[in-house]
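**Q** Numbering (my numbering), first residue to last: 365 to 585. Following this message is one structure expressed as structure tokens.
Here it is as structure tokens:
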């Protein structure tokens, strides 16, 4: 009976969470409010969560929350947010204040972090510093190209933790205009670090692996 009651409470909690979309509101300082049903207070993930929640910002700008992860090791869930549809959309982190509000830190990303569309991400410690990093799989199609039915494409992107900031860089690729829409990461060669699998959309484009040297440097395989 005890287990039945616990199960019913859990199901009721899940229903209450899944029937609500996280309520996110941008201010001038990019503070947002976060629905606790999706926070680590309940799920307590050991690694980050990936998701795809759209936010409409000022001037109809489109943003997507792509990841939930603790980027500064303070025990609070932070957000990775991408901008969609522009030639040079910016992507950024929102750090948690621990009270349901978030802020965008200054000079937190070093390097070129602009991409048209980061379609999906993979979260993991790619450089073995015990902090989570992000590999972004791009599709690179602008709103204008989408309306014309044209295929886009751009380089994938890697965000590596470096203490109190992230370094953005392009990983090796078979061609500049990637259009794979996604991928995954795992220790493919069983050497103790996380490698990346990059699929391609078209039959003529080869899928490939990116083999990690343990410090977040990849080579094509």
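From the three backbone atoms N, C-alpha and C, an ideal C-beta is built for every residue, glycine too.
Any contact between the region 456-473 and the region 512-520? By contact I mean 3 or more CB pairs, one from each, below 8 Å.
**A** Not touching, per the Cβ criterion.
**Q** Quick check on residue 498: buried or exposed, where buried means 16 or more other Cβ atoms within 10 Å of its Cβ?
**A** It is buried - the Cβ of residue 498 has at least 16 other Cβ atoms within 10 Å.
**Q** Does the separation of the CB atoms of residue 491 and residue 580 fall below 7 Å?
**A** Yes; because the gap between Cβ atoms is below 7 Å, this pair is in contact.
**Q** Would you check if the distance between the CB atom of residue 522 and the CB atom of residue 433 is smaller than 7 Å?
**A** No. Outside cutoff.
**Q** Can you tell which of 565, 560, 461 has its C-alpha closest to the C-alpha of residue 582?
**A** Nearest option by C-alpha distance: 560.
**Q** Hey, quick one: how far does the alpha helix (DSSP H) through residue 512 stretch, first residue to last?
**A** Counting along the chain, the alpha helix (DSSP H) containing residue 512 begins and ends at 507-512.
**Q** Does residue 534 come out as helix, strand or coil in the three-state DSSP assignment?
**A** If DSSP states are grouped into helix, strand and coil, residue 534 belongs with coil.
**Q** With H, G and I counted as helix, E and B as strand and the rest as coil, what does DSSP make of residue 455?
**A** Correct three-state label for residue 455: strand.
**Q** Using the DSSP secondary-structure output, state which residues sit across from residue 479 in a beta bridge.
**A** Partner(s): 453.
**Q** Can you list, in chain order, the residues of its chain with a C-beta nearer than 6 Å to that of residue 477? Leave out the 5 residues immediately preceding and following it.
**A** For residue 477, where only same-chain residues beyond five positions count, the Cβ hits under 6 Å are 455, 532.
**Q** Based on the DSSP secondary-structure assignment, which residues constitute the bridge partners of residue 515?
**A** Answer is none; residue 515 lacks a bridge partner.
**Q** Can you tell me whether residue 466 is helix, strand or coil according to DSSP?
**A** Residue state, collapsed to three classes: strand.
**Q** For a test of the three-state rule: what should DSSP assign to residue 484, helix, strand or coil?
**A** Strand, per DSSP.
**Q** Could you name the residues of the same chain whose beta carbon sits closer than 6 Å to that of residue 473, not counting the 5 residues immediately before and after it, in chain order?
**A** Only 530, 532 meet the Cβ criterion.
**Q** Can you name the start and end residues of the beta strand (DSSP E) that residue 435 belongs to?
**A** Note, residue 435: premise wrong, no beta strand (DSSP E); not H, not E.
**Q** Would you mind sorting residue 471 into buried or exposed? The rule is 16 or more other CB atoms within 10 Å of its CB.
**A** Exposed: under 16 other Cβ atoms inside 10 Å.
**Q** Excluding the 5 residues preceding and the 5 following residue 509 in the sequence, name in chain order all residues of the same chain whose CB lies nearer than 6 Å to its CB.
**A** The residues are 516.
**Q** Quick one: what does DSSP say residue 582 is sitting in, helix, strand or coil?
**A** It is a strand residue.
**Q** Could you name the residues of the same chain whose beta carbon sits closer than 7 Å to that of residue 379, not counting the 5 residues immediately before and after it, in chain order?
**A** Because the pLDDT at residue 379 is just 34, under 50, the model does not fix this residue reliably, and the point stays unresolved.
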